[in-house]
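Below is one structure, written out as structure tokens; the observations come after it.
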Amino acid sequence: GRSEAPSDAWCTNRSRQESSEEERGRGGEEEWRERPEKMSEEGEEAAKLTRHRGPSNTNRTVARKPEKGIQYLIERGFVSDTPVGIARFILERKGLSRQMIGEFLGSRQQFNKDVLDCVLDEMDFSGMDLDDALRKFQAQIKVQGEAQRVERLVEAFSQRYCVCNPVLIRQFQNPDTIFILAFAIILLNTDMYSPNVKPERKMKLEDFIKNLRGVDNGQDIPRDLLVAIYGRIQKWELRTNDDHVSQVQAVERMVVGKKPVRPFDILNRRLIVLNLMC
1 GRSEAPSDAW CTNRSRQESS EEERGRGGEE EWRERPEKMS EEGEEAAKLT RHRGPSNTNR
61 TVARKPEKGI QYLIERGFVS DTPVGIARFI LERKGLSRQM IGEFLGSRQQ FNKDVLDCVL
121 DEMDFSGMDL DDALRKFQAQ IKVQGEAQRV ERLVEAFSQR YCVCNPVLIR QFQNPDTIFI
181 LAFAIILLNT DMYSPNVKPE RKMKLEDFIK NLRGVDNGQD IPRDLLVAIY GRIQKWELRT
241 NDDHVSQVQA VERMVVGKKP VRPFDILNRR LIVLNLMC
């Protein structure tokens, strides 16, 4: 039979968030939700930082070492030492390296996971197709790097998608299928648009469908759903919005002539493992 509604599996209060806040002995997310006016104050403090240091300096501080950069901002009072405060800074601050944001949010540290949850809380995926929701997520956060980091980002995204679409995802036998399908979409997008994959070796529609055979508790994902997803990815690449750092890197590649690094190589093995497990 079908598994319990996704709300039972994933849509619970984030106890990990509460425990990490208690360990730090500081007010956490609930305090900020009770005092929403504080949210706008984060933007004001960030603006002060811009006036004192300049936007490019601030962005470079975070871009080089996101952990140290954010700690620097906290120590000087520009950002509060709470998941919500840092999440608000990440979402509102223009020009930050989206790659470094992804590295910070994909960390195994519990505090970073809490910040990721708060960032996702600000994203509404209600009524969106999974690939469109993933497109919205990836526009703000660059999903790449080591497999475990990407897995944490995609898992958190999948949980948020289930929270926003409790009825829509009941078509699946298991809510974990959302996670597997989201991973497969990322792989498809990379395979389809990577300049290092020869045209004759790019994933075809039937390959995409075959790779996902039986992943939903032994059942196949509806073919028409996969056909629609494949078609949209074929028309519109999943892309991260440009930022100051990526623009500079693009210029450097033009000048130096560096070839782009092939992303997601390790994720192909991850999808194979998921298929074997299912």
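full-length UniProt numbering numbers the first residue of the sequence shown as 1 and each following residue consecutively.
Beta carbons are placed, not taken as given, at the ideal position from N, Cα and C, and that holds for glycine.
query: Going by CA-CA distance only, name the one from Ala156, Gln144, Tyr161 that's closest to Asp132.; result: Tyr161
query: Using only the alpha-carbon positions, how far apart do Lys94 and Leu73 sit?; result: 15 Å
query: Roughly how many angstroms lie between the CA atoms of Arg152 and Glu146, to the nearest whole one?; result: 10 Å
query: Considering Cα atoms alone, identify which of Lys136, Ile233, Leu120, Asp224 is closest to Ala184.; result: Ile233
query: Measure the Cβ-Cβ separation of Met123 and Phe111 and say whether it is below 8 Å.; result: no
query: Please report the straight-line C-alpha distance between Asp191 and Gln144, rounded to a whole angstrom.; result: 13 Å
query: With DSSP run on the structure shown, which of helix, strand or coil describes Gln140?; result: helix
query: To the nearest angstrom, report how far apart Glu75 and Leu91 are at their CA atoms.; result: 20 Å
query: Name the one or two DSSP bridge partners that Gln219 has.; result: Asp216
query: Would you identify the three-state DSSP class for Arg76, choosing helix, strand or coil?; result: coil
query: Tell me the rounded alpha-carbon separation between Lys204 and Ala182.; result: 17 Å
query: With 16 other CB atoms within 10 Å as the buried threshold, where does Ser80 fall?; result: buried
query: Is Gln159 closer than 8 Å to Gln219 when the C-beta atoms are compared?; result: no
query: When DSSP labels each residue in this structure, what does Met192 get in the three-state scheme?; result: helix
query: Which residues in the same chain as Arg24 place their Cβ atom closer than 6 Å to its Cβ, once the five residues preceding and following it in sequence are excluded?; result: In this prediction, Arg24 has a pLDDT of 44, which is less than 50 and means its spatial position is unreliable; nothing more can be read from the coordinates.
query: Give me the Cα-Cα distance between Gln142 and Gln99, rounded to the nearest whole angstrom.; result: The identity of residue 142 in the sequence shown is Lys, whereas the question assumes Gln. So the alpha carbons of these two residues sit roughly 5 Å apart.
query: Under three-state DSSP, which class holds Gln173?; result: coil
query: What do you reckon, are the CB atoms on Phe208 and Tyr193 nearer than 8 Å?; result: no
query: Straight-line CA distance for Thr240 to Ala139?; result: 4 Å
query: Which same chain residues, not among the five before or five after Arg135, have their C-beta less than 6 Å away from its C-beta?; result: Leu238
query: Report the three-state DSSP secondary structure of Phe125 (helix, strand or coil).; result: coil
query: Assuming Pro83 is part of the alpha helix (DSSP H), what are its boundary residues?; result: 83-92
query: Taking the Cβ atom as the reference point for each residue, do Val119 and Leu105 lie within a distance shorter than 8 Å?; result: yes
query: Is Pro166 helix, strand or coil when you go by DSSP?; result: coil
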